[in-house]
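Colleague: Residue numbers 1 to 154, in the UniProt record's numbering, belong to the letters of the sequence shown in order.
Beta carbons: idealized from backbone N, C-alpha and C, even for Gly.
Keep in mind that this is a model prediction, so the values were computed, not measured.
Once you've had a glance at the structure underneath, I'll fire off some questions.
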Amino acid sequence: MSNLQTAPVHLPFSDKYTAEHSRQYFDKHHHKKLSDRLEQRMAERALRLAGTPASVLDLPCGTGRFWSMLAADPKRELLAADFSAAMLDVAAQVREPALVSRFRLLQCSAFDISLPDQSVDCIFSIRLMHHIGETVNRKRAAHPPTLVQIRQAV
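Okay, structure coming up:
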């Protein structure tokens, strides 16, 4: 992936996101039409509440389920980040090349966002907490310093 940047952060719960698991994740959610439609509507509403951000970071982006919605504004600068390189690879394979080319892809942890302060106007984060298996890591994601990382990025 030519537009992929990496950060050397490792957390044990992320080990399951292999190429096979990432593809199965895409297949599972790609076929859940009703839940996907509901989540897309919820995400559209949330983005409207954010105003018209000129730049958005999708974190974690997974396989890019929300990319079309985020890219609806042709002027918007788009970044997509996930800890799993396999998820980013699947996203790049299953999404339209023109859509993928709109995004700057980053491999980084939600616990260590590899962006300078005030890099984006909005961070779009949906379906993060349920992927974090360990209670200690959930608490870490919901409290500083992770929230400080997010606050600094916007």
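If distances are taken between C-alpha atoms only, which option among 81, 27, 15 comes closest to residue 56?
Modeller: Cα-wise, what sits closest to residue 56 is 81.
Colleague: Quick one: grab the DSSP three-state call for residue 96.
Modeller: Of the three classes helix, strand and coil, the one that applies to residue 96 here is coil, per DSSP.
Colleague: Quick check: the stretch 35-45 against the stretch 101-114, are at least 3 beta-carbon pairs closer than 8 Å?
Modeller: Flag = no, the stretch 101-114 and the stretch 35-45 do not touch.
Colleague: Given that a residue counts as buried once 16 or more other Cβ atoms are within 10 Å of its Cβ, and exposed if not, what is residue 18?
Modeller: Residue 18 should be labelled exposed.
Colleague: To the nearest angstrom, how far is the alpha carbon of residue 99 from that of residue 67?
Modeller: Using only the alpha carbons, I get a separation of about 7 Å.
Colleague: Would you kindly work out how many angstroms separate the C-alpha atoms of residue 120 and residue 54, rounded to a whole number?
Modeller: Cα to Cα, residue 120 sits roughly 8 Å from residue 54.
Colleague: Can you tell me which of the three DSSP states residue 118 falls into?
Modeller: Residue 118: coil per DSSP, three-state reduction.
Colleague: Since residue 55 is in the beta strand (DSSP E), which residue starts that stretch and which ends it?
Modeller: Element bounds for residue 55: 55-58.
Colleague: Helix, strand or coil: how does DSSP classify residue 35 here?
Modeller: Helix at residue 35.
Colleague: Taking the straight line between their C-alpha atoms, what separation do you get for residue 64 and residue 117?
Modeller: Distance between the alpha carbons of residue 64 and residue 117: 24 Å.
Colleague: On a CA-only basis, which of 84, 115, 75 is nearest residue 16? Give me that one, please.
Modeller: The shortest C-alpha separation from residue 16 is found at 84.
Colleague: Just to confirm, are residue 124 and residue 58 a CB contact at a threshold of 8 Å?
Modeller: Cβ atoms of residue 124 and residue 58: closer than 8 Å.
Colleague: Which residues mark the beginning and the end of the alpha helix (DSSP H) in which residue 79 is found?
Modeller: Here residue 79 belongs to no alpha helix (DSSP H); instead the beta strand (DSSP E) covers 77-82.
Colleague: For residue 91 and residue 122, which I take to be in contact (beta-carbon distance under 8 Å), what is that distance rounded to the nearest angstrom?
Modeller: Actually they are not in contact, since the Cβ atoms of residue 91 and residue 122 sit about 19 Å apart, beyond 8 Å.
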